[in-house]
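Report on the structure given below.
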Amino acid sequence: MRRYRAGKKNVFVAVVMALLMLLAFSSVAAQAASVLNSCTYCHGMPPNDGVRKGNPHFGSQSSAFFGNHRSHLPTAAVATDCNVCHTAVSATGFGHQNDVIVMANSLKGYSSATLRAKYDKGVFFNMTSVPNLTNATCSNVSCHFEKKTPAWGGAAYNPATDCNACHGAPPSGTAGTAVGGLAGSHARHDVYYPGTANCQKCHPNYATFSHATSAGRALKVSGYLRNPSNTLEASATYSGTGANYLPSKSGAQVFGSCATSYCHSSGQSATGTATGITYKAVAWGSAALTCAGCHVDEATDATGTGNHRVHTLSAGANFDCSKCHAGYTKTTVTPATHVNGLIELGAAGFTYSQGSGAAHSAGNGYGTCSASICHGNATVTWGGTLYSTTDQCAKCHSSTTAGAVTAANPFYSTSYPAKVTANTDPKVGAHTSHLTSTDSLSAAINCSDCHGSVLLSAVTHMNGTTNFSWSALATRNGALTPTYTAATGVCSSVYCHGASMPGGDTSGTNRAPTWNVAFLPATITAAGCGTCHGFPPSAASGHPAVTIPAGFPTTASIGTTCSCHSNINTAGNSYANIFIDKTQHINGTLEVIASGACDACHGYPPVSVGIVGVHNNWSSARVEDYQGGGGAHSIQSHVSKLAKASEGFSNCSKCHDAADHQMSPIAFTPSQNIKVKVNQRYRFEAAKQTRYSSNRLNATSHLTGTCSNSSCHYGATPKWDPAH
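Now the structure itself:
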C-alpha cells in the first residue's frame, strides 16, 4: 500500500509539475502576446469591413465589424487616425474596449467656421452584434463636400463613377448655394477633356483617400497644369488662391486666371514652330471665349500665324475655317480635335506636305500646299507670299503689284512658282485680250461678264471648277444662252461674238471661237472685221450693200464705207483708230450716225439718186439705194430744202405718224416696214379721208403708191416714185 501510495503520489506530482510547466510556458506566451503595442492585437488596422467576426486567437488580422473603416483610413493607418471621428484612442490601452462607440462631438479638421461636422446618430451608443443604422450618416463634413453622407456601412464609392456623390462632376453650382462646387469654367473644359480621369489636367492626381481628406484645404492648380499630351507645364500658372470652394464658403470665393498655358495659346509660333508661341491669360469662370481668346480673330486681325490673314480676313478672301479644317467655322470648333497639340487638315481638295488629311504636330514648321482647288496647279508655301502682297487678284492672276492686267503684264494662270502667261494655255487663253481690250475693239470686258461674282469669298470662285454666269451683255439681256465647252475650249452663242446680229446676220466667219487659239489677225484686215459679223453683213439681213475700199487697210482707210455708223473713223485703217470711240462697239447698242439723230439711219430727207445735198439745200439728205427709197421727198417741197436733222420729226409729220417710227431696237428691214399716215388736215374734201395706197409691213419688195384726196394736189397725186 505504501509503495502503491508512494507510486501514485509520484505520478500525481509528475502530472502536477507537467501542468505547472505547461501553464508556465503558456503564461509566457500569453504575456508576450498581450503587449499592447499594436491596434492589430484585436483587429486589423484599418479594421476589416463586413459582418462582425471575432478573433479565433490573439493577434489575428481576420476580425471584422460593420462599417466603412477601410475607405476612411489610410492604408498604413495608426491609432491617431481614428481620432478624426472618435474620441482619442491609443494603441497601448484598452480604454475603448468597453462595448460602447464614442464619436467626437465635432469631426476634427472637417468642420467649417459656420458648420459643425458631426455624426448624426450621436456621440455615444452601444456596440451591438446587429448595428442600428438609424441616422448613421455624417453631416457638413468637408471630405464629402458638406453633403449628407450615405449610411455607415453602405457600398463604398467607385472612384471612377461616384465623384458626383460629393461634388459635381464637373462642379456646376452658383455662388452662395454652390452645392457640389462653383461651376467656374468646368463645363467647357469637360467638353475638351471629359471624365474624372482628366481632372489631373489642372489638379493633382490624388489617390481616392487623399483626395477626400484634402477637402477644405486650398485647391492646388499652379504647378499641376498639364498640356494636351499630359505633360506638366512648368511655366503655366493660376493666380487664384484656391480657397473658399466649399459650399458654405463659396460666396467668398475669388477666381484667378491661367497664364502661359498651352491650352490658351496660339498653338504655334509665327514661323510654325513650337517655340515662341504666344499665350493669353484667361480668367476662370469668364464668358465663353471666341477664337480671339486664344489665337486672334482671324476675320479682322492680320497678325494671325502663317497665311491665315490672307485666307480668313473678312476684307479679303473671307474663307471659313472649314476650307482647310473640317468641322470648324469662324465661330465653332470640334472639341475632339481642338487643343490637342496637333493640326488637323481634314478638308478635301488639297495636299499639305506636313500632313494632309491627318493630324500633324503644331510645331513642326510650315509646309507647302499643292493640288489645291483654291490655287489650281500651284504649289504654294504656307507662310510665304504669292506674286503680289497688296492686291488680292494679283496674288494669283495678275503680274503687277497693283493687280492691273495689261498687254505688257498679261493675265496668268494659277501656276506657281513658275508663271504661265502663254495664251495657248487654257487657264490663260484670251483673258488678257478680254480684260485689257488689247485690240481696241471695245471697252475692256469685266470678269463678271463671263463668271458672275468673282469676289474672293464667292462660292463660285476657287471651288475647283470654272463657273460661268453670263452677263446681260453676253446674253443680250437674256435672249441668248452662251456656252463654254471645256473639252474643246469653244465659246458659242455669245452676243460679243456675233450670236445676235441685226437682221439675223450669220455671215461672221468665226462666231464660236476657241478660247486658247488666236482669234483675230495681228493687224486689222477686211477678213478680220468679218469675224463676228459679215463685212458687210449679208444682204439677207437687210443690210445695204457696201463696197470695201480695195486698198483697205494697207493703202486706203475705211472711208465712207460705214458712214451709217457715226462711230467709224473714216480715216481708220488699224485696230487702234478704226473707231472714234471703241466703247460704242460690242456694247449692246447699235450706234449709227449722229448717235441716234434723224439722219442716223436714213437721210434727212431720204433722196433718190441724182439729188445731192449741198450748203443749205437738203444738207442732211442721203441717197437711199433701195427701190423707191428716195421717192419724192425733195420734190415740190415735201421736205424743205432748208431742213436740218436737228429739227426732228416735225418735217416728217405731214405724212408719217411719230408713233409708227421705230428707232430702238433698230431692225435692218429697209423698204419693208414703211408706214405712211397723211395728216388729215391736208385732205381735199372734208368728208373723205386722205390716204396713201401702198402702206406695207415686212413686204419682200417695196412698191410705192399714190395719195388720194390730198389738198396739196387737189385730189389724186402722181406715184411717189414713178420708177417703182
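According to this note's numbering, the stretch in the sequence shown is residues 5 to 728, in order.
Virtual Cβ for every residue (Gly too), placed ideally from N, Cα, C.
Taken in chain order, the complete alpha helix (DSSP H) segments of 4 or more residues contained in the segment 537 to 625 number zero; there are none.
Your pair serine 376 and glycine 359 does not check out as a contact, with CB atoms roughly 15 Å apart and the cut at 8 Å.
Selection Phe129, Val494, Gly310 and Ala543 evaluated against asparagine 520 yields Val494 as nearest (Cα-Cα).
In this structure, DSSP gives arginine 685 a helical state, which the three-state scheme calls helix. For the set Asn202, Cys711, Cys170 and Leu707, the Cα lying nearest the Cα of threonine 694 is the one of Cys711. Following the DSSP letters along the chain, one finds valine 82 in no alpha helix (DSSP H), marked with neither H nor E. The segment 252 to 261 makes contact with the segment 181 to 193; the number of CB pairs closer than 8 Å reaches 3 or more. Here the C-alpha atom of lysine 122 lies approximately 6 Å from the C-alpha atom of leucine 111. Per DSSP, leucine 119 is not a residue of any alpha helix (DSSP H), being assigned neither H nor E.
The beta-bridge partner set that DSSP reports for valine 432 is empty.
For the set Gly507, Lys645 and Leu524, the Cα lying nearest the Cα of proline 548 is the one of Gly507. Here DSSP, grouped into helix, strand and coil, assigns cysteine 659 to coil. Take alanine 292, set aside five residues on each side of it, and the residues of its chain with a beta-carbon closer than 7 Å to its own are Arg192, in chain order. Exclusion of the five residues before and after lysine 681 leaves Asp661 as the residues of its chain whose Cβ lies within less than 6 Å of its Cβ. Rounded to whole angstroms, the gap between the alpha carbons of proline 175 and threonine 118 is 22 Å. Comparing alpha-carbon positions, the option among Val286, Tyr499 and Cys659 lying closest to isoleucine 678 turns out to be Cys659. Per DSSP, threonine 492 lies in no beta strand (DSSP E) segment and is marked neither H nor E.
DSSP places arginine 480 outside both helix and strand once states are collapsed to three, so it counts as coil.
Excluding residues up to 5 positions away in sequence, Thr307 and Gly308 lie with their Cβ nearer than 6 Å to the Cβ of valine 300 in the same chain.
Spatial neighbours of glycine 502 in its own chain (CB-CB distance under 7 Å, excluding positions within 5 residues in sequence) are listed in chain order as Gly512, Arg515, Cys536 and His537. Residue state for glycine 220 is assigned as coil, using DSSP reduced to three classes.
By the beta-carbon neighbour count (other beta carbons within 10 angstroms, threshold 16), aspartate 664 is exposed. Assignment of glycine 719 by DSSP, reduced to helix, strand and coil, places it in the strand class.
Counting only the Cα atoms, threonine 721 lies some 19 Å from valine 611. DSSP places histidine 315 inside the alpha helix (DSSP H), whose first and last residues are 312 to 316. Residue state for tyrosine 266 is assigned as helix, using DSSP reduced to three classes. Cα atoms of alanine 411 and aspartate 443: separation of roughly 10 Å, rounded to the nearest angstrom.
Note on aspartate 103: under 16 other CB atoms within 10 angstroms of its CB, so exposed under the neighbour-count rule.
Partner residues in the beta bridge of isoleucine 347, as assigned by DSSP, are His364. Here the segment 431 to 446 lies against the segment 579 to 596, with 3 or more beta-carbon pairs under 8 Å apart. Within the model, the alpha-carbon separation for proline 154 versus glutamate 302 is close to 52 Å. Nearest to glycine 388 by alpha-carbon distance, out of Ser402, Gln396 and Gly371, is Gly371. Under the Cβ criterion (8 Å, minimum of three pairs), the segment 377 to 384 counts as touching the segment 416 to 424. For serine 714, the secondary structure class from DSSP, reduced to helix, strand or coil, is strand. The residues Phe472 and Cys495, in chain order, have a CB closer than 6 Å to that of tyrosine 488 in the same chain once the five nearest residues on each side in sequence are set aside. Assignment of alpha helix (DSSP H) within the segment 129 to 197, counting only whole runs of 4 or more residues, yields 190 to 196 in chain order.
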